[in-house]
Amino acid sequence: MSRARRGLIAAAGVPLNAIMGVAVVLAWVPTIRAAVVSLQRAWAGAALGRDIPAREPGLRVLAWLAINAVVGPALLTAVAAVVNTVGVIFYLQPAVNGPSVTFTLSLALLTLSALALAVAALMGLAEARLAELLLGSGGPLARRVRELTASRAAAVDARAAELRRIERDLHDGAQARLIAVRMNLGLARSANDLEQARELIEEAWESVGQALTDLRDLVRGIHPPVLADRGLAGAIEATALLCPVPVATDLVLTGRPEPPVESALYFAAVEAMSNVTKHSQATRAWVRVRHTGDGLRLVVGDNGHGGADPAAGTGLRGIAERLSAFDGTLTVQSPPGGPTILTMELPCA
Amino acid sequence: MRVVIAEDLALLRDGLIRLLSAHGFEVVEAVDNGPMLLTALVEQTPDVAVIDVRLPPTFTDEGLRTALEARRRRPGLPVLILSQYVEQLYARELLSDRSGGIGYLLKDRIGDVAEFVESVRRVAGGGTAMDAEVISQLLTRRSRDEPLAELTVREREVLALMAEGLSNLAIATRFGVTDKAIGKHTNNIFAKLGLPPSDDHNRRVMAVLAYLQAGPVSPDPSW
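First to last, the protein sequences are chains Z and W.
Sequential numbering of the first sequence, starting at 5, is according to the working numbering.
Sequential numbering of the second sequence, starting at 80, is according to the working numbering.
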């Protein structure tokens, strides 16, 4: 939004807030109060050219209403004074006539109008600032709280989805197979025909094997054993070994980060490597891990055709969400034609 | 045949003792942690050791590390590693000293008693027994890597079964061809992988190793 337009909006707020200020007599009705406040917040946001997040109703909001009830109409009198001067000029015009007088008066009129507008705009802006201060929940601390609230919500959602998936996998997989095993063994126990019993035992044997495979896959999805055994570097190395695109690894880590951080970075790396395999058409890729000043940096690059877009795929968004839970960030450099470089950074103590 | 067992779950440990004893093995020691395993391996020098990857005190890959350490002290000491899951990384580490007598199997395979006992015997005899899971992971991955790319499809299949630890006769039976035909394939594989006959190395192990280590995994010069 242009400056001029914001100025006009600010100027328009002066009469608006004057009316609103007077409307404060109705503010004991909660719905009216809320409507007035939200309209004024929207106006202040438009005048300042930035979003003003809502604050919970409280003392500051009431203070704003009280101040606005006085200041709003008072500001109008300042504008009214200017307009009054214009009126005086109009009144004087017929008395003293002549082309030069008309010209001078017109010029004065224009200047005064512009002045009136500018004064109104400045006053409106000041008022918008005040509104922001009292109605908005701005400030770096508040912003941080909002970020943390959002990332915590994302983390909780992700965890809940994960638990649902585990429950479903156990229920439909291993559990169902074990029931089949028990059933087969029960039948075998009561079977008279040895051949039939053998067949049932064979089936049970197969089902147990399948159940083990299911459980193994599930464990891998929750917390890969190699990550537990060897930490981030070992686990990335192990994944790189299985990547169809040759992956060179350069992993330098001293000590082990906190398990959740380690896990987040590991799954991010796995997702990145699987993206390389699925989408990049790359013939080689590389993974590098380094400590930074106060955290870890994981970079995954490939020589593929590029064009990876975090907005398009769920994979990259998933990585970003996973990292955001730990205040981490994902940077994607992937111009069309390649190469693609994903940089993941996580702070860790 | 004298065997040392390392498994921390009592149920499985007892099962292994019973299973191996029933098949003519003499279980000289059964331990449930890494440090005791190392002592047992070094002092008893068994014909073969059957070891769980995950053991106390760390409950990570203590068993594997102990086995590697024992093989450093007693080169060629036959060990069969059992695990709930298989990792290429561990397979590579196990084979890295280029001598035979190595096995790496999923614990599930114990359920296939005859095959499992046969694997233990093969490892004791200086052969290899790689889990089919390790091999199939590699097959999906390594199809375009040098020098394995030069192998024909059939040769690659033979190599895969060789890596699992099968003998030429067993592979021949699997494909329904003669022992001799497989012998020809294995010779071609050795030639293509550049493995001349030698008294110092088991060529089958070397081929499996090449198979596990294939692929140009070198740092990108543009770093």
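Don't be surprised by glycine CBs; every beta carbon is placed ideally from N, CA and C.
Every value quoted in this text rests on a predicted model; they were computed, and no experiment measured them.
Inter-residue spacing [alpha-carbon to alpha-carbon] between residue i and residue j
i, j, result
"residue 120(W)", "residue 240(W)", "29 Å"
"residue 22(Z)", "residue 76(Z)", "4 Å"
"residue 97(W)", "residue 90(W)", "11 Å"
"residue 248(W)", "residue 214(W)", "19 Å"
"residue 150(W)", "residue 173(W)", "9 Å"
"residue 156(Z)", "residue 331(Z)", "10 Å"
"residue 146(Z)", "residue 347(Z)", "28 Å"
"residue 228(Z)", "residue 218(Z)", "14 Å"
"residue 276(Z)", "residue 336(Z)", "11 Å"
"residue 69(Z)", "residue 45(Z)", "12 Å"
"residue 210(W)", "residue 199(Z)", "31 Å"
"residue 269(W)", "residue 282(W)", "7 Å"
"residue 264(W)", "residue 208(W)", "20 Å"
"residue 85(W)", "residue 188(W)", "17 Å"
"residue 157(W)", "residue 340(Z)", "53 Å"
"residue 122(W)", "residue 111(W)", "16 Å"
"residue 143(W)", "residue 148(Z)", "46 Å"
"residue 61(Z)", "residue 74(Z)", "20 Å"
"residue 163(Z)", "residue 177(Z)", "20 Å"
"residue 115(Z)", "residue 52(Z)", "25 Å"
"residue 126(Z)", "residue 151(Z)", "33 Å"
Three-state secondary structure (DSSP) of residue i
i, result
"residue 85(W)", "strand"
"residue 346(Z)", "strand"
"residue 127(W)", "strand"
"residue 109(Z)", "helix"
"residue 192(W)", "helix"
"residue 198(W)", "helix"
"residue 272(W)", "coil"
"residue 257(Z)", "coil"
"residue 92(Z)", "helix"
"residue 178(W)", "coil"
"residue 256(W)", "coil"
"residue 200(Z)", "helix"
"residue 209(W)", "strand"
"residue 340(Z)", "coil"
"residue 105(W)", "strand"
"residue 329(Z)", "coil"
"residue 230(W)", "coil"
"residue 115(Z)", "helix"
"residue 335(Z)", "strand"
"residue 315(Z)", "coil"
"residue 110(W)", "strand"
"residue 305(W)", "In the structure displayed, chain W extends from 80 to 302; residue 305(W) sits before or after that span and is not available."
"residue 242(Z)", "helix"
Cβ pair residue i, residue j closer than 8 Å
i, j, result
"residue 168(W)", "residue 230(Z)", "yes"
"residue 161(W)", "residue 132(W)", "yes"
"residue 327(Z)", "residue 320(Z)", "no"
"residue 28(Z)", "residue 65(Z)", "no"
"residue 251(W)", "residue 287(W)", "no"
"residue 128(Z)", "residue 15(Z)", "yes"
"residue 249(Z)", "residue 215(Z)", "no"
"residue 246(Z)", "residue 216(W)", "yes"
"residue 126(W)", "residue 154(W)", "no"
"residue 72(Z)", "residue 140(Z)", "no"
"residue 311(Z)", "residue 338(Z)", "yes"
"residue 99(W)", "residue 106(W)", "yes"
"residue 299(Z)", "residue 351(Z)", "yes"
"residue 159(Z)", "residue 329(Z)", "yes"
"residue 4(Z)", "residue 183(W)", "Not covered by the structure: residue 4(Z). The range shown for chain Z is 5 to 353."
"residue 80(W)", "residue 203(W)", "yes"
Enclosing alpha helix (DSSP H) for residue i [first to last residue]
i, result
"residue 295(Z)", "Counting along the chain, residue 295(Z) falls outside any alpha helix (DSSP H), though it belongs to the beta strand (DSSP E) covering 289 to 295."
"residue 12(Z)", "7 to 26"
"residue 49(Z)", "34 to 52"
"residue 183(Z)", "180 to 194"
"residue 160(W)", "Looking at the DSSP string, residue 160(W) is not in any alpha helix (DSSP H); the run it does join, the beta strand (DSSP E), is 158 to 162."
"residue 161(Z)", "144 to 174"
"residue 279(Z)", "263 to 279"
beta-carbon residue i near the ligand NAD non-hydrogen atom, thresh 7 Å
i, result
"residue 11(Z)", "In terms of ligand content, the structure shown is empty, and the ligand NAD therefore cannot be addressed."
Extent of the continuous beta strand (DSSP E) run through residue i
i, result
"residue 301(Z)", "299 to 306"
"residue 184(W)", "181 to 185"
For the pair the region 101 to 116 of chain W and the region 297 to 305 of chain Z, tell me if three or more CB-CB distances fall below 8 Å.
no
Query raised in the report: Are at least three pairs of beta-carbons, each pair with one atom in the region 226 to 235 of chain W and one in the region 276 to 284 of chain W, less than 8 Å apart?
Result: no
Original post:
Does the pairing of the region 80 to 99 of chain Z with the region 166 to 174 of chain Z give three or more beta-carbon distances under 8 Å?
Top reply: no
Handout entry: the region 200 to 219 of chain Z in contact with the region 231 to 242 of chain Z per 3-pair CB rule at 8 Å
Key = The region 231 to 242 of chain Z and the region 200 to 219 of chain Z do not touch, with fewer than three beta-carbon pairs separated by less than 8 Å.
Does the region 107 to 119 of chain Z come close enough to the region 29 to 38 of chain Z to have 3 or more Cβ pairs within less than 8 Å? no
*For the region 176 to 183 of chain Z and the region 130 to 137 of chain Z, state whether three or more C-beta atom pairs, one from each stretch, are separated by less than 8 Å.*
The region 176 to 183 of chain Z vs the region 130 to 137 of chain Z: no contact.
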